[in-house]
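Per this note's numbering: the sequence shown = residues 1 to 213. Using N, Cα and C, we set each Cβ at its ideal position, and we do this for glycine too.
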Amino acid sequence: MLMEGFDMAANHRLANAIESEFCIKVLTFENYRPEPLPRYVSVHTFSDASGESISDDVFFAIRDWVFRMGWDLSRQLVFNDTVHAYLYPAVREYVSLAYHVTRTSSLTSILVNGLGPGTKDRCNDNRIDPHGNIYITTTLGCIGDRGRENLGTAHWWREHLATNNRFGDPDWTILGLDFSSYGKMQVHQDIWSASGRVIRTREPLKCSIRILG
């Protein structure tokens, strides 16, 4: 997705503002951006006064702060022990219905307690960008989508995750999410997935949930 009239200088100004507001050190990589990230994404490291990576709580506070300014922030663990932060103008939309794929073993907890954001214990892999996020897609698709390379549907994600998760768990379920009780749900572009959307929440969602198989 291209963003018309983007100005990378705006990323740099905001990075400087983050450094001042949170009393941290922000290092900007001027000529580095991993593929296939859009060209309006800038790459940084955030460190505290001792030179260590900032805590999760500080990262989430920064993410909330830039979000209020119309920006977004993601992160990845690279080279095993270095955290890169990715700063970009937020792309938001509102949805009424969506789909989420989860381990079948988690269904009872979700139906009782609501659909919670990703945590280190719950995430399907060892990436850190899912922490604090719920991932959805707005397309259901059909059984066999992975074999047909119909990327990004709920069925594609279920078939993909069944053979690609750190738990070795092949049993996954598609949930239909109805956000009528919220009016519409604000979701964010997932810069790591062309089809994925992200819900940011600190508390479990209490939306209407249907088990779709």
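Beta bridge pairing from DSSP links lysine 25 with Ser47.
With respect to the 8 Å criterion, isoleucine 134 and leucine 205 are classified as neighbours on the basis of their beta carbons. Each of Cys207, Asp57, Thr173, Asn80 was checked against the Cα of tyrosine 182, and the nearest Cα belongs to Cys207. In the DSSP assignment, aspartate 72 is bridged to Tyr88.
If you check the CB distance, glycine 118 and histidine 100 do not come in under 8 Å.
Of all C-beta pairs linking the region 60-67 to the region 15-23, three or more are shorter than 8 Å, placing the two stretches in contact. Boundaries of the beta strand (DSSP E) around alanine 98: 97-103.
Of the candidates Glu203, Asn124, Thr82, the residue whose Cα lies closest to the Cα of glycine 168 is Asn124. Shown here, serine 42 sits in a strand according to DSSP, grouped into three states. Under the three-state reduction of DSSP, leucine 177 is assigned to strand. Taking C-alpha positions only, isoleucine 209 is separated from valine 198 by approximately 17 Å. Using a Cβ distance threshold of 8 Å, valine 41 and phenylalanine 29 do not count as a contacting pair.
At a Cβ-Cβ threshold of 8 Å, arginine 103 and aspartate 171 count as neighbours.
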